[in-house]
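Visitor: So the number in the numbering used here is just where the residue sits in the sequence shown, counting from 1, plus 914. Every residue, glycine too, gets a C-beta built ideally from N, C-alpha and C. Everything numeric in this text was worked out from a predicted model, so none of it was measured. I'd like to ask you about the structure that follows.
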Amino acid sequence: MAVLESVARAYAGLKTLSVEMLSVTESNHAGSSNRGGQRNKAWFESPDRVRIETGGRNGMVLVTDGIDWHTFFTLPKRYLKRSSVRGRPLPGEFRPEHAALFGNPPVFLFPRIAERVKSTEILARDGDSILISVAYEEPDHPLVRLSSPVQYSIDAKTHLVSRIEGEVSMRMPAQDETTVRKHAVSFANAVVDEPFAADVFTFVPPADAVEGPRGRGGFIGGGGGGFVGSGRKGRFENRHSHEWEGDTLVQTYTLRMHGIDVTFERRLTFSEDRSELKVSETISGPAGTLRAICPCLWYRYGTTCSSSRIGVRPRGVAGSDRCSARCRRVRVHGLGPARFASRHG
915 MAVLESVARA YAGLKTLSVE MLSVTESNHA GSSNRGGQRN KAWFESPDRV
965 RIETGGRNGM VLVTDGIDWH TFFTLPKRYL KRSSVRGRPL PGEFRPEHAA
1015 LFGNPPVFLF PRIAERVKST EILARDGDSI LISVAYEEPD HPLVRLSSPV
1065 QYSIDAKTHL VSRIEGEVSM RMPAQDETTV RKHAVSFANA VVDEPFAADV
1115 FTFVPPADAV EGPRGRGGFI GGGGGGFVGS GRKGRFENRH SHEWEGDTLV
1165 QTYTLRMHGI DVTFERRLTF SEDRSELKVS ETISGPAGTL RAICPCLWYR
1215 YGTTCSSSRI GVRPRGVAGS DRCSARCRRV RVHGLGPARF ASRHG
């Protein structure tokens, strides 16, 4: 523990730090293997200013100046802004309770490296470096956990981390299948307690970037892919994301098919006491936008509705297991009433 505590003190006492990182990930699943790498660079100025740049086609720039938090995604070109929250962990800070050694943004600050430790073992020691194996307590997060001890290479002079190796087990939400990935992160060209250029922690969005909504949680996640159509006719592509807009969770799914883009947006808003959920849906395509605010989509937890098939009963339909509203009429912006394509029951 003495080694880890010296590392924690070194990071806690930093005035500034800039460092380059190379992250390498390997996975083996169902007879196939994948290996990928990413180069990143990070800057830190005490107590709460951080800039992280991740490379690649799906790169990201994250900047916080202690007042505002900016996140820019290169694909699609979109940026988000939200206020910094006092006491919230900084981007790039190691959080042992979340097994957050290998993620995005990458970890490069280790003032908490000695927390939640079960055991340590010195594997090697020479004049310039210490190799130590560290086992952490099981994380609170049920989906991601460190499935092996973490090996840290520590610079014996600066007490900074120069390399990390470990395995992370990931379980997909609502599934039992688990994927194990091997990670290695190397840190190079570290510069400690030197001044930075004045604009390092200033974010200026590209001229063609679009600003996203300013929510309490910002951008949570997303992804996409492609697949071949039925009968191998055509190719389809999709992209999905989910983010907070105030107290509303916004889920967006864009499907590119036969040369057109169709976007499905679902907005889920909880009541103040969290006992009810309001759901509205929007479908947008080349011909316009269709918005459905369905009376069946006000749900109260703990009862059932066979017509909605999601395990809860619409509000105001007490004593019945069927939905009294047919949800057949919606409003099409600029076009007047229209028939909804589907029907309950």
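Where do the ends of the alpha helix (DSSP H) carrying E919 lie?
Guide: Per DSSP, E919 belongs to the alpha helix (DSSP H) from 916-926.
Visitor: Three Cβ pairs or more, each shorter than 8 angstroms: is that satisfied between the region 1038-1048 and the region 1056-1069?
Guide: Counting Cβ pairs under 8 angstroms, three or more are found: they touch.
Visitor: Alpha carbon to alpha carbon, how far is L976 from G1145?
Guide: Roughly 43 angstroms separates the two Cα atoms.
Visitor: Which residue marks the beginning of the beta strand (DSSP E) containing D982, and which one marks its end?
Guide: It spans 982-988 - the beta strand (DSSP E) in which D982 sits, taken as one unbroken run.
Visitor: To which residues does DSSP link E959 through a beta bridge?
Guide: Paired residues: T930, R963.
Visitor: Should A1121 be labelled buried (16 or more other beta-carbon atoms within 10 Å of its own) or exposed?
Guide: Answer is exposed; the Cβ neighbour count stays below 16.
Visitor: Could you give the DSSP three-state label for S1194: helix, strand or coil?
Guide: It is a strand residue.
Visitor: Distance check for V1048 and E1035, CA to CA, integer angstroms please.
Guide: Their backbone Cα atoms lie some 7 angstroms apart in a straight line.
Visitor: Three or more C-beta pairs closer than 8 angstroms, one from the region 921-934 and one from the region 949-963: is that the case here?
Guide: Output reads yes: the region 949-963 touches the region 921-934.
Visitor: So, are the CB atoms of F1115 and E959 less than 8 angstroms apart?
Guide: The answer is yes: Cβ separation under 8 angstroms.
Visitor: What are the residues that DSSP puts in a beta bridge with I1046?
Guide: Paired residues: I1036, Y1066.
Visitor: Report the option in G980, A926, P1010 whose CA atom is closest to the CA atom of S998.
Guide: Comparing Cα positions, the closest option is G980.
Visitor: Identify which residue in R1002, P1020, V917 has its Cα closest to the Cα of E967.
Guide: Among R1002, P1020, V917, the Cα nearest to that of E967 is on P1020.
Visitor: If you count every other CB in all the chains shown that lies within 10 Å of the CB of R1149, and 16 or more means buried, which is it?
Guide: Exposed.
Visitor: Ordered along the chain, which non-local residues of its own chain (more than five positions away) have a Cβ less than 6 angstroms from that of K929?
Guide: Contacts found: S960, D1107.
Visitor: R1026: which of S1033, V1058, A924 sits nearest, CA to CA?
Guide: It is A924.
Visitor: Distance, Cα to Cα, L989 vs G1001?
Guide: Their Cα atoms are separated by approximately 30 angstroms.
Visitor: Buried or exposed: R996, going by 16 or more other Cβ atoms within 10 Å of its Cβ?
Guide: By the 10 Å Cβ count, R996 comes out buried.
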